[in-house]
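Asker: The structure is given below, and queries will be raised subsequently.
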Amino acid sequence: MLLGMICALASAVCFGTASVFQAVAARDTTAGTGSGVDARLLLRVLTQWRYLLGLALDGLGFLLELVALRSLPIYTVGAALAATLAVTAVVAAPVLGTRLQRAEWLAVAVVCGGLGLLALSSGTEGHRAGTPALRIGVLVFAVAVLAVGALAGRLPDRARAAALGLGSGFGFGVVEVAVRLIDGFGPADLLTNPATYALLIGGAAAFLLLTSAFQRGSVTTATAGMVIGETLGPALVGVAWLGDRTREGLAPLTVAGFALAVAGALALARFGEAPAAHTDAPAAEPGPAAVAAERP
Numbered sequence: 004m005l006l007g008m009i010c011a012l013a014s015a016v017c018f019g020t021a022s023v024f025q026a027v028a029a030r031d032t033t034a035g036t037g038s039g040v041d042a043r044l045l046l047r048v049l050t051q052w053r054y055l056l057g058l059a060l061d062g063l064g065f066l067l068e069l070v071a072l073r074s075l076p077i078y079t080v081g082a083a084l085a086a087t088l089a090v091t092a093v094v095a096a097p098v099l100g101t102r103l104q105r106a107e108w109l110a111v112a113v114v115c116g117g118l119g120l121l122a123l124s125s126g127t128e129g130h131r132a133g134t135p136a137l138r139i140g141v142l143v144f145a146v147a148v149l150a151v152g153a154l155a156g157r158l159p160d161r162a163r164a165a166a167l168g169l170g171s172g173f174g175f176g177v178v179e180v181a182v183r184l185i186d187g188f189g190p191a192d193l194l195t196n197p198a199t200y201a202l203l204i205g206g207a208a209a210f211l212l213l214t215s216a217f218q219r220g221s222v223t224t225a226t227a228g229m230v231i232g233e234t235l236g237p238a239l240v241g242v243a244w245l246g247d248r249t250r251e252g253l254a255p256l257t258v259a260g261f262a263l264a265v266a267g268a269l270a271l272a273r274f275g276e277a278p279a280a281h282t283d284a285p286a287a288e289p290g291p292a293a294v295a296a297e298r299p
């Protein structure tokens, strides 16, 4: 469990640092099709070194997340990954010249306190195998996220930001659940398991939706939706279907830790907002907006 918690927190550090570079790169890139699933935007942003550096960090973070998900309950890993926003806020301060207010330092401390409670109270991962119906259901849900995301980019501004953020969170949540549903890593096991395809589709949908959210709309709103989508749903699936439990008698402590970590992350949602593109005008005093948390 200790290794799993270390990997979950290290994963959050990787994702949060990556987001500082990726959100700025996305904001400096011309939009593509206007769809929420904007493949043209993704192709353009891949030409920027900051986005590629972020992808490398995301790859490392994903490997650490895999280790964490194989040894910890989904609710613990999800809350740890919500701490990506705290990492983003802290990293953005020296890199982008932003400044954390006292309330935001308090939110960072709340996230850390919530994670500490989870570390004390979490049990081991559930050992209940997912049913074939659950594997197929997760795949269907991943396809639905991709399909709905294709339309979300055409919604009015406020609804668009919320839809893109929530959709990206659902995509990340699919990845968290699918990892637990993959019980064999041989070629035949992977190719015949619907969870494998759910992981790939859910991860791709999350990347595309979040990249589009970075580029247009209120990313602060989108980030809040993402945190909700990637934490609550997967946590419920882990408890209801995969046997995730707390340590004996410590369930209230687990609930409190989860709530604190998510609430602290939501309080830092403004760090979903990337800075505006540079112009030839004289530089203004740096504003508080920074960047959103992105994960594969």
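Position 67, counted from 1, in the sequence shown is what this note's numbering calls 70; the numbers after and before it change by one each time, with no gaps. Ideal Cβ placement from N, Cα and C applies to all residues, glycine included. A quick note: this is a predicted structure, and the numbers were derived from the prediction, not measured.
Are the CB atoms of Phe261 and Ala209 nearer to each other than 9 Å?
Answerer: Contact: no.
Asker: I'd like the span of the alpha helix (DSSP H) that includes Ser74, first residue to last.
Answerer: Where Ser74 is concerned, there is no enclosing alpha helix (DSSP H), given that its DSSP letter is neither H nor E.
Asker: Classify Gly19: buried if its beta carbon has 16 or more other beta carbons within 10 angstroms, exposed otherwise.
Answerer: Looking at its Cβ environment, which holds 16 or more other Cβ atoms inside 10 Å, Gly19 is buried.
Asker: Span of the alpha helix (DSSP H) holding Met8?
Answerer: Note, Met8: alpha helix (DSSP H), Leu5 to Arg30.
Asker: Tell me whether the beta-carbon of Ala272 lies closer than 9 Å to the beta-carbon of Thr224.
Answerer: For Ala272 and Thr224, yes; Cβs fall inside 9 Å.
Asker: Which of the three DSSP states is assigned to Thr79 in this structure?
Answerer: Of the three classes helix, strand and coil, the one that applies to Thr79 here is helix, per DSSP.
Asker: Starting from the C-beta of Met8, find all residues in its chain whose C-beta is less than 6 Å away, skip the five residues before and the five after it, and write them out in chain order.
Answerer: Closer than 6 Å at Cβ, skipping near neighbours: Ala122.
Asker: What does DSSP give as the partner residues of Thr1 in its beta bridges?
Answerer: Only positions 4 to 299 of the chain appear in this structure, which leaves residue 1 out of reach.
Asker: Can you grab the Cα-Cα spacing for the pair Ala216 / Leu120, in whole Å?
Answerer: Answer to the nearest angstrom: the Cα atoms are 32 Å apart.
Asker: What span of residues does the alpha helix (DSSP H) with Asp192 cover, start to end?
Answerer: Taken as a continuous stretch (DSSP letters only), the alpha helix (DSSP H) holding Asp192 covers Pro190 to Leu194.
Asker: Can you name, in chain order, every residue of its own chain whose Cβ lies under 6 Å from the Cβ of Val265, other than the five neighbours on each side?
Answerer: These residues qualify, in order along the chain: Ala85 and Thr234.
Asker: To the nearest angstrom, how far is it from the Cα of Ala15 to the Cα of Ala191?
Answerer: Between Ala15 and Ala191, the C-alpha separation is close to 32 Å.
Asker: Less than 9 Å separating the beta-carbons of Cys17 and Val70?
Answerer: It is not a contact, given that the beta carbons lie outside the stated cut-off.
Asker: So which of Gly81, Pro197, Ala96 and Ala13 has the shortest CA-CA distance to Leu63?
Answerer: Nearest option by C-alpha distance: Ala13.
Asker: Can you say whether Val143 is buried or exposed, counting buried as having 16 or more other CB atoms within 10 angstroms of its CB?
Answerer: Label assigned to Val143: exposed.
Asker: Let me confirm a value: Trp244 is counted as buried when at least 16 other C-beta atoms fall within 10 Å, else exposed. Which label applies?
Answerer: With 16 or more other Cβ atoms within 10 Å, it is buried.
Asker: Are the CB atoms of Val180 and Pro76 within a distance shorter than 9 Å?
Answerer: Going by C-beta atoms, Pro76 is not nearer than 9 Å to Val180.
Asker: So, for Thr87: in the same chain, excluding its five sequence neighbours on each side, which residues have a beta-carbon less than 6 Å away from its beta-carbon?
Answerer: Closer than 6 Å at the Cβ level, and outside the excluded window around Thr87, lie Ala15, Phe18, Gly19 and Ala296.
Asker: From Thr195 to Val178, what distance separates their C-alpha atoms?
Answerer: Distance between the alpha carbons of Thr195 and Val178 is about 17 Å.
Asker: Going by alpha carbons, who is nearest to Ile204 out of Val113, Ala59, Glu107 and Gly152?
Answerer: Of the candidates Val113, Ala59, Glu107 and Gly152, the one whose C-alpha sits nearest the C-alpha of Ile204 is Gly152.
Asker: Shortest alpha-carbon distance to Ala92 belongs to which of Asp61, Phe24, Leu72 and Ala166?
Answerer: That would be Phe24, whose Cα lies nearest to the Cα of Ala92.
Asker: How would you label Glu128, buried or exposed, when you count the other beta carbons within 10 angstroms and need 16 or more for buried?
Answerer: Buried, by the Cβ-count rule.
Asker: Roughly how many angstroms separate the alpha carbons of Leu211 and Arg73, rounded to a whole number?
Answerer: One C-alpha to the other measures close to 26 Å.
Asker: Do Gly236 and Gly168 have their C-beta atoms closer together than 9 Å?
Answerer: The answer is no: Cβ separation not under 9 Å.
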